[in-house]
Structure formats: structure tokens, C-alpha cells
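A.B. asks:
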Ligand code: ADQ
């Protein structure tokens, strides 16, 4: 079997499964079984002009190879084009995007440098799997150096329709570079359609449902919904650490119901809109006063990108306002915790919560939705309230779907969730758990690798 080479912005962690997200675990699993190399950024930023030293490390059958980037690359590539331009545009937030040409130049030149570092490490039989928006032009750069390997790409975030994509200066260059891949994978059918539409409308291409053909070049375009390891997450939820968290919460809650939100502090996650809907629930359905409480866990991320700096303040202000309006001696409507938890603790928090609130304004998939469902006690499961704009909504038909921009509509759904009878909760949970088992992390990478092998 050929060696697998995974390229992603962040490499690892490979050991601490208690800390790693579901995705890192899935990638490690794929690498372990096939043996492989994981290549990417070390996470280190060095002084201007000193970038690019290759560091390697062996861990069983997995080799890690990382390079540092310097301050200017960090600003133009990582905190620049990747997270100030592509992230907001792909999440339909043109108002937050920056379109400076120096960011664009930084993005392409870092891709070139990563390709130049990776190319000599490739053996003749390697298969390369590139992840996410940081590295869209990587295959084109590798091909220009002579790489003949099968190279696949997977996008973890949404792909925008051409009308929105067109806001990117030199968008044609970025899209044409994508044709250097053999397989391009998306989370949902909606993303695949948006991607293909660009080539049909702008490049005179054709698409037969699987193969995209543009100027004689054929690329396979597929849908591979990212998943979790549901059995492992169920075990986490039954672990002593999870039970300890659950008991701590039950002590505070008494017989009140808890609604739970867990997200990176990111404007795409719709946390402010969620707080507003919760406020509307208390206002419109006052029987919930002193009956329900919202716990929001949101560790900071990308805090050096301006658009992220004010989110926390906005949330604190809103929670303070709502708590000021309604709190009682023994009841606080909203509790906000801005730190990360171990995965076992998180599973316990999910299990103790009657409603899982996953209400992003846009999201590629959203693994929290799946983790919440997996963690539930099947005899007395909670309800998932899910944004229609999360990729997860395409398959999870047991969730209560909401439009997070519609505060009243979301509040109505929250009311339905907190009053849902046990029978209906069980029925919806079973339907969702089946989907989560079918679309597992393992199924994600095995089906992707099978398709990649067949597409060159
Ligand atoms: P993210 O935007 O990071 O991922 P998500 O899919 O929800 O979003 O994954 C977040 C992960 O971080 C989950 O495993 C969650 O449990 C964990 N996490 C969040 N807050 C935490 C906390 N306070 N403590 C501990 N763990 C926490 C991107 C895309 C998504 C896509 C994934 C995978 O934006 O749409 O689903 O990649 O493809």
C-alpha cells in the first residue's frame, strides 16, 4: 500500500486523545493504519527572514515534518489571507473580509515554500491528501515542480456560491489552481454544487455528477461528510471524569433544564444570535424563568485577528444585561465560560444538558452537533437545536432546524425543545445517532482514500 502524506496547517497532536478534536484523531487513525507522513506548520513564528527550517519527529508508523514561518508570513498568510480573507468570504461575511494584495501574495508564496519543502520528502508511491483553505494552491505548486502523485484536497469549511466567491481579487487563479488536484472533497452537496457552478459558468466546464471536466482536464469532485467516533464519544460520556462534571452540574441545576452551547469563539458560530434567542425565550415564555439556564463554553481563538477581538466583549455585555434583568438568588440565566475542556469532561457536560444549541450562521459541518448527540443517555436523551446553515443539517433530520437570524423563530423552537415529550426525544435521537454512526470519522477517511485511489 502506498504511503499517505497528510498536509494541514496544524500538525498533531498525535498522543493526547483527551485533548485532540475528533478530526485530529481521525487523521492520526488514517496515518497509523497506512503508515505515513504528516506535514505542515510547526505553530512557531520566527523572526523576519528566518523561516523554513524543517523539523522531523518519528512516532511509531507516523512521521511528522513541520516548518516554522516568520512574522511577515504569519501576518500575510495565516492571520492574513487564510483567516482575514478566505475564512470570512467562505462564511459569507464579506463585511469582515480584507482584500489586500499583500495578503494574497503572502498566501501564494507560503504555499510555494511549503510545496518546495514537501516535494523532496515525497517517495514515488506516495499519495498526498491536502486539508483546508490554507493550502488550496498547493497541488498546483507541487505539479509545477514535477509531482506526478495522486493529490487530493478536502475543504472543511463551506464553499461559497460564485456570486460571493467573485469578491476575491484574482479568484480565477485560485480556482484554476484547484484543477491540479485529482479529487476535491466537500462536506455537503450544497458546497459541491457551489464549487462546480463556478467552472460551469466561468470556465465552460461540464459535470456529470462526479467528474468535472474543464479544458480537457478531469477532476473528481465528491461529498464526504466529516464525522466523529461515536462509540468513543459514548465511552467518554460514561467515564468517571464525565460523571464528575455531570454531578457538579446537577448540584447547581437542581431540577432545572440546561441548554448547552460549545464553540470556538468565532463570529461564524452565531453565539450572539443564540443569546438573543435565549433572551426572547425568557421574555415570550416566562414559565421558563428560574426553570432553564444556558451554559455557553467558548474558548478564544485567532484573537490577533481584529474581527475576533470584540466577540467576547459583546457576549459578556449581553449575558450581563440578561442576567441583570432576570437573575435570582439561586438562578443565573446565562453562564459563560471562556476556556477549553478535556473531551471527557465535555461529554459529561453534554449529557447533563437537555438541549444542545448549535446555531452557526455558516459552518462546514459542525462536530459539536454530532458530539452532543453521541454523548446523550439513550433512555432520556436531549434535543439538538441545529442551524439550517450548518453542514450537519443536511443529514441530521432528527434535529429541530432553525434559522439563527430569526430570533422569534429560534425562541419558538427552544420552547419546543424544552417541552418535548420523552417519546419524541427518543425517536429523534435514534434517527440522529444512526446518521452519526453511518457518517463516522472512520467512514470519512476510508471513503475519501478509496475515491482518491480510484481517481488517478
Ligand atoms: P471548527 O470550526 O473548529 O472546525 P467544529 O466542527 O464544531 O468546528 O469542531 C470543533 C471541535 O472543537 C469539536 O470537536 C469540539 O468538541 C471542540 N471544542 C470546541 N470548544 C471546545 C471547548 N471549550 N473545550 C474543548 N473542546 C472544544 C472546522 C469547520 C467545521 C468542521 C470541522 C471539521 O469549521 O465546520 O466540522 O472543521 O471538518
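In this note's numbering, the protein residues as written are 236 to 691. Note that CB positions come from ideal geometry on N, CA and C, so glycine has one too.
1. Enumerate in chain order the residues of its own chain whose CB-to-CB distance from residue 492 is below 6 Å, with the five nearest sequence positions on each side excluded.
2. Please determine, among 497, 329, 441 and 376, the residue with the shortest C-alpha to C-alpha distance to residue 409.
3. Does at least one heavy atom of the ligand ADQ sit under 7 Å from the Cβ of residue 451?
4. Taking the alpha helix (DSSP H) that residue 369 belongs to, which residues open and close that run?
5. With the cut-off set at 8 Å, would you say residue 495 and residue 591 are in Cβ contact?
6. Taking only heavy atoms of the ligand ADQ into account, decide whether any of them is closer than 7 Å to the Cβ of residue 523.
7. When you compare the region 468-485 with the region 263-275, are there three or more beta-carbon pairs, one atom per stretch, that lie closer than 8 Å?
8. Just to confirm, are residue 569 and residue 519 a CB contact at a threshold of 8 Å?
9. When DSSP builds the beta bridges, which residues end up paired with residue 280?
10. Can the beta-carbon of residue 642 be found closer than 8 Å to that of residue 622?
11. Are the CB atoms of residue 664 and residue 613 within a distance shorter than 8 Å?
12. Using 7 Å as the cut-off, classify the Cβ of residue 626 as near or not near the heavy atoms of the ligand ADQ, replying yes or no.
13. At a cut-off of 7 Å, would you count residue 602 as near the ligand ADQ, judging by its Cβ distance to the nearest heavy atom?
14. Please report how far the alpha carbon of residue 397 lies from the alpha carbon of residue 430, in whole angstroms.
15. Would a C-beta distance cut-off of 8 Å place residue 249 and residue 304 closer than the cut-off?
16. State the beta-bridge partners of residue 728 as determined by DSSP.
17. So, residue 615 versus residue 666, is the Cβ gap smaller than 8 Å?
18. Please determine whether the Cβ atom of residue 534 lies at a distance below 7 Å from any heavy atom of the ligand ADQ.
19. Based on the DSSP secondary-structure assignment, which residues constitute the bridge partners of residue 389?
20. Skipping 5 residues on each side, what residues in its chain have a beta carbon closer than 7 Å to that of residue 674?
C.D. replies: Taking the definition as stated:
1. By 1-based counting over the chain shown, the position of residue 492 is 257. Closer than 6 Å at Cβ, skipping near neighbours: 527, 589 and 653.
2. By 1-based counting over the chain shown, the position of residue 409 is 174. Nearest C-alpha to residue 409: 376.
3. On the chain shown, residue 451 is found 216 positions in, with the first residue counted as 1. Outside the cutoff, so no.
4. Translated into positions along the chain shown, residue 369 becomes position 134. Unbroken run through residue 369: none, as it is neither H nor E.
5. Here residue 495 is taken as the residue at index 260 of the chain shown, counted from 1. Here residue 591 is taken as the residue at index 356 of the chain shown, counted from 1. Result yes, Cβ atoms of residue 495 and residue 591 sit closer than 8 Å.
6. The residue given as residue 523 occupies position 288 in the chain shown. Checking the Cβ of residue 523 against the ligand ADQ gives no.
7. no
8. In the chain shown, the residue the question calls residue 569 occupies position 334. In the chain shown, the residue the question calls residue 519 occupies position 284. No, they are not a contact pair.
9. Numbered from its first residue, the chain shown carries residue 280 at position 45. Per DSSP, 304.
10. Within the chain shown, the letter at position 407 stands for residue 642. Within the chain shown, the letter at position 387 stands for residue 622. Taking 8 Å as the Cβ cut-off, residue 642 and residue 622 do not qualify as a contacting pair.
11. As a first step, residue 613 is located in the chain shown; it is residue number 378 there, counting from the start. As a first step, residue 664 is located in the chain shown; it is residue number 429 there, counting from the start. Result yes, Cβ atoms of residue 613 and residue 664 sit closer than 8 Å.
12. Taking the first residue of the chain shown as 1, we reach residue 626 at position 391. Yes - the ligand ADQ has a heavy atom lying nearer than 7 Å to the Cβ of residue 626.
13. Counting from 1 along the chain shown, the entry for residue 602 is found at position 367. Flag set: Cβ of residue 602 near the ligand ADQ.
14. Numbered from its first residue, the chain shown carries residue 397 at position 162. Numbered from its first residue, the chain shown carries residue 430 at position 195. Cα to Cα, the separation comes out at about 8 Å.
15. Sequence index remark: in the chain shown, residue 249 carries index 14 (1-based). Sequence index remark: in the chain shown, residue 304 carries index 69 (1-based). Cβ distance not < 8 Å, so residue 249 and residue 304 don't count as in contact.
16. No information on residue 728 is available, as it lies outside the stretch 236 to 691 that the chain covers here.
17. As a working mapping, residue 615 is identified with position 380 in the chain shown. As a working mapping, residue 666 is identified with position 431 in the chain shown. The answer is no: Cβ separation not under 8 Å.
18. What you label residue 534 is simply residue 299 of the chain shown in a count that begins at 1. Yes; taking the cut-off as 7 Å, the Cβ of residue 534 has a heavy atom of the ligand ADQ nearer than that.
19. Against the chain shown, residue 389 aligns to sequence position 154. According to DSSP, which records beta bridges pairwise, residue 389 is partnered with 366 and 420.
20. Taking the chain shown and counting its residues from 1, the one referred to as residue 674 is at position 439. Cβ within range, chain order: 460, 462 and 630.
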